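**Student:** Residue numbers (the working numbering): 1 to 451. Note that the Cβ used here is the ideal one computed from N, Cα and C, for glycine as well. Keep in mind that this is a model prediction, so the values were computed, not measured. I have a structure here, written as C-alpha cells, and I will follow up with some questions on it.
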Amino acid sequence: MMHIKQLSDLGLFNARVPRYTSYPTAPNFSADLPQDALARWVEQIPPGSAISLYLHVPFCRRLCWFCACRTQGTVSDAPVLAYARALRAELELLRTHLPDGVTLSRLHWGGGTPTMLPAPVMRDLAAHVFDIAPLAEGGEFSVEIDPNEIDAPRLDALAEAGLTRASIGVQDFSAEVQGIIGRDQSFEITKLAADGLRARGIKSLNVDILYGLPAQTQRRVAESVQKLLSLNPDRIALYGYAHVPWMARRQQVIPSDTLPRPEERLDLFETARRLLLWDGYDEIGIDHFARPQDGLAIAAKTGQLRRNFQGYTDDVSPVLIGLGASSISRFPQGYAQNNAATARWKATVEQGRFATARGHVFTSEDLWRNRSIEALMCDFRLAREDLIDNFGADASVLDALLDQVARKFEGFVKRSPQMLEITAEGRPLTRMIAATFDAYAMDTAGHSSAI
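Have a look at this one:
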C-alpha cells in the first residue's frame, strides 16, 4: 500500500507524458523543415547501407472507436488501389535519390489495415520495393494483419512475397469490451489467421493487446491473456489504452464512466504481466514481452534494444524511411514527416516531389537527450560517461538533471557517480522519469496516461 501511495504522491495516476517513440516527439516537429531536406538526407546515406523502410496504409474497412491512429474508413477498394499507385510513385521517387547498394534491414507495412490491399497489389508492391532495395541478409519483412480482413489469397501473396513476421492486433477478447470499443474480433477468427500464417511457413508472430479499455476487469484481462498464450506468439505488446476523445473524435462514442481508474489500470497491467512472465516470456522495456530466443529478447540482453515509431525494436539501422501519408522518416540528421492528408500527400508525390510537411533537424543537445530517454525506456539505466563521451552531453547540465531525478524519484532510482538506474519498483514511473530529460514544451493534452 505504501508503494502505491508513493507512486500516487509522485503523480503517476494523473500524469500525461509522451510514449517517447521519438525525441523530440512529433508535436514538437516544425513546418520550417526545408522542402528538400528528405531528398538530401536520403542522398547522404552511405552506399551499401542497410536501412529500414515503413509503408503506411491509412485505410480500414471499419473504424474501431478506440483507435487514435490516422485512418479513414472505406467500403470500396477504389481509394485503396489509387493509394497503392501513389505508393509506387513515391517508391520511384525514392529510387532516384537512393545511393547504390542500399538494402533493407527491416520492411514494415502498417496502418490502418495494409491487408486491405488485394493479393495482386500486395505482390506488385512487395516486388517493387525489393526491386529498389532487396532485403539484407537476416532482414525482416513484417505486416500488420487484421484477422477480419485477411483470406487465403492474401495470405498466399504475403508468404510468396517473403513475409517473415506478422503482427496481429487483438486488444481484448471479451465480447462486452469489444462491443464498447467497436472491435468485433473473435478468438476463433484470430486463431484462424495465426494458423494460416504458420501453415505458410511464417513462424514469427507478434500480438498487440491493450489494458485500460472500458469495462475491462482483471478477470477479463486474465482470460484474454490466457487465450492469447494459446496462440504461442513470439512477441507481445501490452499497451495502455490512450483515451483522448478531444483528439480522436471517434473515441467520444466510448462512455468515460466505463473506463477503469488509473489505479485500476496498474492492476490490469500487473495481472497481464504476471501471466506472461509465468508463461516464460522475458519482459522487454515498459510494455513488451518476448520469448527468450526471440531477437527482441536477445537485443534487450545485449544492450541492442532500440525505440522507434513502432515501439521496441532490435533494428539498429540509423535510417528509417517512412512512405505514405503521415509517415515519419528518421535520419541521423533529424526527422521528416509526410503530409497527413492523404489527398495532399498523393497529389505531391504524383507530381514527382516528396510530400514532406514538417520535421525537425537535430541539435547537438537533442542527440544526448534522445539517447538518455531511449536508454531509460529500453534499459532502465543510463551511463553518464557514455552520454558525455559518445553523445556530447554537457557534464554540468547532465549532472544537474541526474541530481534532479535522484531527488524527485528518491527510492525509485539509484544514483551513482557513473550511473542512473530505475529500480524494479520504479518502472511504472519510467515515462515520467524520461520526461525529465525532455527540453521541449509539453502540451500534456496531447499525450496519454503515464500508466
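Within 10 angstroms of its Cβ, does residue 2 collect 16 or more other Cβ (buried), or is it exposed?
**Tutor:** Interpretation of residue 2 is limited by its pLDDT of 49, a score under 50 that renders its predicted location unreliable; no figure is taken from the coordinates.
**Student:** Comparing alpha-carbon positions, which option in 40, 185 and 158 lies nearest residue 333?
**Tutor:** Of the listed residues, the one whose Cα sits closest to residue 333 is 40.
**Student:** Where does residue 388 sit, in a helix, a strand or coil, going by DSSP?
**Tutor:** Residue 388 falls in the helix class under three-state DSSP.
**Student:** Can you say whether residue 260 is buried or exposed, counting buried as having 16 or more other CB atoms within 10 angstroms of its CB?
**Tutor:** By the 10 Å Cβ count, residue 260 comes out buried.
**Student:** Since residue 320 and residue 308 are thought to touch, with beta carbons under 8 angstroms apart, how far apart are those beta carbons, to the nearest angstrom?
**Tutor:** That belief holds up - the Cβ atoms of residue 320 and residue 308 are roughly 6 angstroms apart, short of 8 angstroms.
**Student:** Output yes or no for whether 7 angstroms exceeds the beta carbon distance between residue 54 and residue 108.
**Tutor:** Taking 7 angstroms as the Cβ cut-off, residue 54 and residue 108 qualify as a contacting pair.
**Student:** For residue 135 versus residue 166, is the C-beta spacing smaller than 7 angstroms?
**Tutor:** It is not a contact, given that the beta carbons lie outside the stated cut-off.
**Student:** Within 10 angstroms of its Cβ, does residue 414 collect 16 or more other Cβ (buried), or is it exposed?
**Tutor:** Residue 414 is exposed by the Cβ-count criterion.
**Student:** Relative to the alpha-carbon of residue 191, which residue among 283, 147 and 409 has its alpha-carbon at the smallest distance?
**Tutor:** Residue 147 is the option with its Cα nearest to residue 191.
**Student:** List the DSSP bridge partners of residue 23.
**Tutor:** According to DSSP, residue 23 bridges with nothing at all.
**Student:** Let me confirm a value: residue 116 is counted as buried when at least 16 other C-beta atoms fall within 10 Å, else exposed. Which label applies?
**Tutor:** Label assigned to residue 116: buried.
**Student:** Based on DSSP bridge pairs, tell me the residues matched to residue 368.
**Tutor:** Residue 368 pairs with nothing; no bridge assigned.
**Student:** Just mark residue 81 as buried or exposed, buried being the case when its beta carbon has 16 or more other beta carbons within 10 Å.
**Tutor:** Counting Cβ neighbours within 10 Å, residue 81 comes out exposed, since fewer than 16 surround it.
**Student:** Rounded to whole angstroms, what is the Cα-Cα separation between residue 341 and residue 347?
**Tutor:** Taking the straight line from one Cα to the other gives about 10 angstroms.
**Student:** Output yes if chain C places a C-beta closer than 7 angstroms to the C-beta of residue 62; else output no.
**Tutor:** Structure shown: chain C not included; a single protein chain is present.
**Student:** Mind checking residue 17: buried by the 16 CB within 10 Å criterion, or exposed?
**Tutor:** With 16 or more Cβ atoms within 10 Å of its Cβ, residue 17 is classed as buried.
**Student:** Pick helix, strand or coil for residue 169, following the three-state DSSP scheme.
**Tutor:** Correct three-state label for residue 169: strand.
**Student:** Can the beta-carbon of residue 68 be found less than 7 angstroms from the beta-carbon of residue 242?
**Tutor:** In contact: residue 68 and residue 242 (Cβ atoms closer than 7 angstroms).
**Student:** Under DSSP, the alpha helix (DSSP H) around residue 97 begins and ends at which residues?
**Tutor:** It spans 78-97 - the alpha helix (DSSP H) in which residue 97 sits, taken as one unbroken run.
**Student:** Assuming residue 121 contacts residue 161 under a Cβ cut-off of 8 angstroms, what Cβ separation, rounded to an integer in Å, is found between them?
**Tutor:** Not really, about 11 angstroms apart at Cβ, beyond 8 angstroms.
**Student:** Please state the DSSP three-state secondary structure of residue 1.
**Tutor:** Reliability fails at residue 1, whose pLDDT of 42 lies under 50, so the model's placement of it is uncertain and no value is given.
**Student:** Which of helix, strand or coil does DSSP assign to residue 140?
**Tutor:** If DSSP states are grouped into helix, strand and coil, residue 140 belongs with the strands.
**Student:** Out of 377, 416 and 203, state which residue places its alpha-carbon closest to the alpha-carbon of residue 427.
**Tutor:** Selected option, being the one with the closest Cα: 377.
**Student:** Within the chosen definition, does the region 43-57 reach the region 358-373 through at least 3 CB pairs nearer than 8 angstroms?
**Tutor:** No: fewer than three Cβ pairs fall under 8 angstroms.
**Student:** Here's the rule I'm using: 16 or more other beta-carbon atoms within 10 Å means buried, otherwise exposed. How should residue 440 be labelled?
**Tutor:** Answer is exposed; the Cβ neighbour count stays below 16.
**Student:** Between the alpha carbons of residue 145 and residue 400, how many angstroms are there, rounded?
**Tutor:** For residue 145 and residue 400, the distance between alpha carbons rounds to 46 angstroms.
**Student:** Residue 272 and residue 221 look like a contact to me (Cβ under 8 angstroms); what is the Cβ gap, rounded to whole Å?
**Tutor:** So it is a contact: roughly 5 angstroms between Cβ atoms.
**Student:** Per DSSP, what are the beta-bridge partners of residue 419 in this structure?
**Tutor:** According to DSSP, residue 419 bridges with 383.
**Student:** Just to confirm the assignment, what range does the beta strand (DSSP E) spanning residue 149 have?
**Tutor:** Residue 149 -> no beta strand (DSSP E), and no H or E assigned at all.
**Student:** When the Cα of residue 209 is compared with those of 196, 227 and 198, which residue comes out closest?
**Tutor:** Checking every option, the nearest Cα to that of residue 209 belongs to 227.
**Student:** State whether the region 263-272 contacts the region 209-218, with contact taken as three or more CB pairs (one from each stretch) at a distance under 8 angstroms.
**Tutor:** Short answer: they touch.
**Student:** Just how far apart, CA to CA, sit residue 344 and residue 274?
**Tutor:** Cα to Cα, the separation comes out at about 46 angstroms.
**Student:** Pick from 78, 70, 133 and 106: whose alpha carbon is nearest that of residue 95?
**Tutor:** Minimum Cα distance to residue 95 is reached at 133.
**Student:** Under 7 angstroms Cβ to Cβ from residue 362, same chain only, skipping five residues before and after it: list those, please.
**Tutor:** Counting only Cβ-Cβ distances below 7 angstroms, and skipping sequence neighbours, we find 333 and 334.
**Student:** Near residue 183, what residues of its chain come up, given a Cβ to Cβ distance below 7 angstroms and the 5 sequence neighbours on each side ignored?
**Tutor:** These residues qualify, in order along the chain: 64, 66 and 171.
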